[in-house]
Amino acid sequence: MLGLKWVRDNVETVREILAARGVKADLDKFLDWDEKRRKWTQEVEKLKHRQNLYSKKIGELKSRSQSAEDLIEEMQQLAGEIKDLEKKRKDSEERVKDFLLTFPNILSSQVPLDKDNVEERNWGKIPSFDFKPRDHQRLGEELGILDFKRAAKVAGSGFVFCRDLGARLERALINFMLDLHLSQGYREILPPFMTNRAAATGTGQLPKFQDELYCCEKDDYYLVPTAEVPVTNLHRDEVLKEEDLPLSYVAYTPCFRREAGASGKKVQGIIRQHQFNKVELVKFTTPQTSYEELEKLLSDAEEVLKRLELAYRVVRLSASELGFSAAFGYDIEVWVPSQEKFLEISTCSDYEDFQARRASIKYRSSKRGNTHYVHTLNGSGLAVGRTVVAILENFQDSKGEVTIPQVLRSYMNGVARIEKG
RNA sequence: GGAGGGGUGUCCGAAUUGGCAAGGAGCCGGUCUUGAAAACCGGUGAAAGGUAGCGAUACCCGUCUGGGUUCGAGUCCCAGCCCCUCCGCCA
Numbered sequence: 000m001l002g003l004k005w006v007r008d009n010v011e012t013v014r015e016i017l018a019a020r021g022v023k024a025d026l027d028k029f030l031d032w033d034e035k036r037r038k039w040t041q042e043v044e045k046l047k048h049r050q051n052l053y054s055k056k057i058g059e060l061k062s063r064s065q066s067a068e069d070l071i072e073e074m075q076q077l078a079g080e081i082k083d084l085e086k087k088r089k090d091s092e093e094r095v096k097d098f099l100l101t102f103p104n105i106l107s108s109q110v111p112l113d114k115d116n117v118e119e120r121n122w123g124k125i126p127s128f129d130f131k132p133r134d135h136q137r138l139g140e141e142l143g144i145l146d147f148k149r150a151a152k153v154a155g156s157g158f159v160f161c162r163d164l165g166a167r168l169e170r171a172l173i174n175f176m177l178d179l180h181l182s183q184g185y186r187e188i189l190p191p192f193m194t195n196r197a198a199a200t201g202t203g204q205l206p207k208f209q210d211e212l213y214c215c216e217k218d219d220y221y222l223v224p225t226a227e228v229p230v231t232n233l234h235r236d237e238v239l240k241e242e243d244l245p246l247s248y249v250a251y252t253p254c255f256r257r258e259a260g261a262s263g264k265k266v267q268g269i270i271r272q273h274q275f276n277k278v279e280l281v282k283f284t285t286p287q288t289s290y291e292e293l294e295k296l297l298s299d300a301e302e303v304l305k306r307l308e309l310a311y312r313v314v315r316l317s318a319s320e321l322g323f324s325a326a327f328g329y330d331i332e333v334w335v336p337s338q339e340k341f342l343e344i345s346t347c348s349d350y351e352d353f354q355a356r357r358a359s360i361k362y363r364s365s366k367r368g369n370t371h372y373v374h375t376l377n378g379s380g381l382a383v384g385r386t387v388v389a390i391l392e393n394f395q396d397s398k399g400e401v402t403i404p405q406v407l408r409s410y411m412n413g414v415a416r417i418e419k420g
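Under numbering that gives the first Met the number 0, the residue at position 233 of the first sequence is numbered 232, and the numbers go up by one with no gaps.
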């Protein structure tokens, strides 16, 4: 959420941001409601001030057992006026707030305004095969480690059973990633996999992306679409100590996404699922260090691919590709041989104070210092399902069998290959 | 799921028949002391917001949340959230 006063004072900047992001929002209507809100607020406050004074006077008169009938009669009318005005004021306040919640974050000056992302760097050697590489879906089914058919029976399309070494590989990756990030100084969190409405609003999923979330309507709970939601909300409505910052967390969760609107596009295999596993990195920082911490977070995520020896590249996200809540961000993309292109496997974003303002997460600079909003950052470290895709495809041989990366073997009881039969 | 108790500042904790939200602890400063503790004196403390103003400041809001009654609500009424105790169910 942007600051109300800031938007009012920087309307043209906001207009530019909306245009660059391709977001439609009626700024004029917003300004109109804000003006009404301020007018009614002034009026109602004036009346309330009078009410407070008179009410005090009535109290004094009564305590001396004198009559206050005249005053009370006058006050009855005043109370009626206040009630009407207050209703208008509250209504306008709500409208203004609703508008604010639908405005996307500002863009950092480093964000490319062109349509395309900008490649920052790449790492590793793109593998060449002397046979036609299979895609991960075929590999997984032929090896008997991915079962889409039965998942469709049990849940529906967009789900998968991982079986035997497929399940083991998934679990090994989760543990490998968690251990790696622990060694990089992150603290481990295992959060709730459902959150309430306030939490989903705090990180920006609601109200705008309602359709993306699975909702347990009866209880108004939302299945987490990413660990970012519960972990960022860990400190909602808190004032942190500056000396405790930055706070760095790593959390594994399954992620649940409805992928509404994406169903038209046929995406094969486990690349786009309604449920997938992810290890997420989350940081709370001061404004001064947030971009520095983002670079660290990015390289901490990259380290996963380096150790797995998977070729990847890092791109800087353009205004149109950047997420609603993010002010700046990178994607890490891993090489997928069957498609002969890079596939997004992590997004590392700096939200600046956008989420902190929505979720009210602040820090106090010194003992008696003022409070300021923290900056929140996060990035996948990494999406586990897509890492499986990369491993299967990059390390396959002509028989369709797969070699397990060295670093994972200790997590798989020494298994070095996934073979047929 | 059923029955009961509770939620007030950083913490503890009062507030009568509805009438300016006590008092402690803490924190800050001081006296005393070689230094500290203790004691004593003074100060501070109800967040965050919002409105007006260049600003000092003034006002609104503010006792878990949202409504209601009332001239006026920490207090009365309704709904909800959270915590505790007991019963039931349960991996």
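Virtual Cβ for every residue (Gly too), placed ideally from N, Cα, C. Note that this is a predicted model, so its numbers are computed, not measured.
I need the boundaries of the alpha helix (DSSP H) containing residue 305, first residue and last residue. Numbered from 1 along the first sequence, position 306 holds the residue referred to as residue 305. Taken as a continuous stretch (DSSP letters only), the alpha helix (DSSP H) holding residue 305 covers 289-307.
Pick out whichever of 301, 289, 335, 336 has its Cα sitting closest to the Cα of residue 351. Your numbering for residue 351 matches position 352 in the first sequence. Closest by alpha carbon: 289.
Own chain, CB closer than 8 Å to residue 84, minus 5 neighbours either side, in chain order: As a working mapping, residue 84 is identified with position 85 in the first sequence. Cβ within range, chain order: 39, 42, 43, 46.
Where residue 77 and residue 56 are concerned, what is the direct C-alpha to C-alpha distance, given to the nearest angstrom? Against the first sequence, residue 77 aligns to sequence position 78. Against the first sequence, residue 56 aligns to sequence position 57. Each residue's alpha carbon lies about 15 Å from the other.
Is residue 389 near residue 309, with beta carbons less than 8 Å apart? As a working mapping, residue 389 is identified with position 390 in the first sequence. As a working mapping, residue 309 is identified with position 310 in the first sequence. Contact: yes.
Can you check whether the CB of residue 232 is closer than 8 Å to the CB of residue 202? The residue you call residue 202 lines up with position 203 of the first sequence. The residue you call residue 232 lines up with position 233 of the first sequence. In this structure, residue 232 lies closer than 8 Å to residue 202 by Cβ.
Just grab the DSSP bridge partners of residue 315 for me. To locate residue 315, count along the first sequence from 1; it is residue 316. In the DSSP output, where bridge partners are listed per residue, residue 315 has 117, 329.
Return the CA-CA distance between residue 191 and residue 178, expressed in angstroms with no decimal places. Taking the first residue of the first sequence as position 1, residue 191 is located at position 192. Taking the first residue of the first sequence as position 1, residue 178 is located at position 179. Looking at the two C-alpha atoms, the distance is approximately 20 Å.
Measure how close the beta-carbons of residue 300 and residue 381 come, nearest whole angstrom, since I'm counting them as under 8 Å. Looking up residue 300 in the first sequence gives position 301. Looking up residue 381 in the first sequence gives position 382. Right, the Cβ-Cβ distance comes to about 6 Å (below 8 Å), so this counts as a contact.
Leaving aside the five residues before and after residue 349 along the sequence, list all residues of the same chain whose C-beta is less than 6 Å from its C-beta, in chain order. Locating residue 349 in the first sequence gives position 350, counting from the first residue. Closer than 6 Å at the Cβ level, and outside the excluded window around residue 349, lie 289, 293, 326, 327, 376.
With three or more C-beta pairs closer than 8 Å as the rule, is the segment 206-221 touching the segment 139-154? no
Status (buried if at least 16 other CB within 10 Å, exposed otherwise) for residue 412: Here residue 412 corresponds to residue number 413 of the first sequence, with the count starting at 1. That one is exposed.
Let me check understanding here. Comparing Cα to Cα, which of 132, 241, 374 lies closest to residue 463? The chain is shown only over 0 to 420; residue 463 falls outside these bounds and no answer can be derived.
Nonlocal neighbours in the same chain, by C-beta distance under 6 Å from residue 186, ignoring five residues either side: Taking the first residue of the first sequence as position 1, residue 186 is located at position 187. Around residue 186: 248.
Measuring alpha carbon to alpha carbon, tell me which residue in 253, 338, 354 is nearest residue 104. Working through the first sequence from its first residue, we reach residue 104 at position 105. Answer by Cα proximity: 354.
Could you tell me how far apart the beta carbons of residue 134 and residue 337 are, in whole angstroms, since I believe they sit closer than 8 Å? In the first sequence, counting from the first residue as 1, residue 134 sits at position 135. In the first sequence, counting from the first residue as 1, residue 337 sits at position 338. With 8 Å as the limit, residue 134 and residue 337 qualify as a contact, their Cβ atoms being about 4 Å apart.
Using the Cα positions of residue 345 and residue 9, report the straight-line distance between them to the nearest angstrom. In the first sequence, the residue the question calls residue 345 occupies position 346. In the first sequence, the residue the question calls residue 9 occupies position 10. Taking the straight line joining both Cα atoms gives about 33 Å.
Pick from 63, 74, 32: whose alpha carbon is nearest that of residue 48? Sequence index remark: in the first sequence, residue 48 carries index 49 (1-based). For residue 48, the nearest C-alpha among the options comes from 74.
Report the rounded CA-to-CA distance for residue 113 versus residue 393, giving the unit in angstroms. Position 114 of the first sequence, counting from 1, holds the residue named residue 113. Position 394 of the first sequence, counting from 1, holds the residue named residue 393. Approximately 32 Å, taken between the alpha carbons.
Take residue 398 as the anchor and find which of 18, 147, 129 has the nearest alpha-carbon. Residue 398 sits at position 399 when you count from the first residue of the first sequence. Comparing Cα positions, the closest option is 129.
Taking one C-beta from the segment 92-107 and one from the segment 18-33 each time, how about it: are there three or more such pairs within less than 8 Å? yes
Pull up the distance between the alpha-carbon of residue 220 and that of residue 123, whole angstroms please. For this step, residue 220 is matched to residue 221 along the first sequence. For this step, residue 123 is matched to residue 124 along the first sequence. Straight-line Cα distance between these residues: approximately 42 Å.
Given a threshold of 16 other Cβ atoms within 10 Å of its Cβ, counted over all protein chains shown, does residue 206 qualify as buried or as exposed? For this step, residue 206 is matched to residue 207 along the first sequence. It is exposed - the Cβ of residue 206 has fewer than 16 other Cβ atoms within 10 Å.
Range of the contiguous beta strand (DSSP E) that encloses residue 98: Numbered from 1 along the first sequence, position 99 holds the residue referred to as residue 98. No beta strand (DSSP E) holds residue 98; the alpha helix (DSSP H) holding it covers 68-101.
Selected residue, minimal CA-CA separation from residue 274, among 342, 282, 5, 257: One-based indexing of the first sequence puts residue 274 at position 275. Of the candidates 342, 282, 5, 257, the one whose C-alpha sits nearest the C-alpha of residue 274 is 257.
DSSP on residue 201, reduced to helix/strand/coil? For the purposes of this step, residue 201 is identified with residue 202 of the first sequence, where counting begins at 1. In the structure shown, residue 201 sits in a helix (DSSP, three-state: H, G or I).
Those residues which DSSP pairs with residue 280 across a bridge: By one-based count along the first sequence, residue 280 stands at place 281. Its beta-bridge partners are 249, 378.
Contact defined as beta carbons within less than 8 Å: I believe residue 143 pairs with residue 276. What is the distance between those atoms, to the nearest angstrom? Within the first sequence, the letter at position 144 stands for residue 143. Within the first sequence, the letter at position 277 stands for residue 276. Wrong, their Cβ atoms sit about 20 Å apart, outside the cutoff.
When DSSP labels each residue in this structure, what does residue 131 get in the three-state scheme? Indexing the first sequence from 1 puts residue 131 at position 132. It is coil, neither helix nor strand.
Would you call residue 82 buried or exposed, if buried means 16 or more other Cβ atoms sit within 10 Å of its Cβ? Within the first sequence, numbered from 1, the residue matching residue 82 stands at position 83. Looking at its Cβ environment, which holds fewer than 16 other Cβ atoms inside 10 Å, residue 82 is exposed.
Between which two residues does the beta strand (DSSP E) containing residue 349 stretch? On the first sequence, position 350 is the one that residue 349 refers to. Note, residue 349: beta strand (DSSP E), 340-349.
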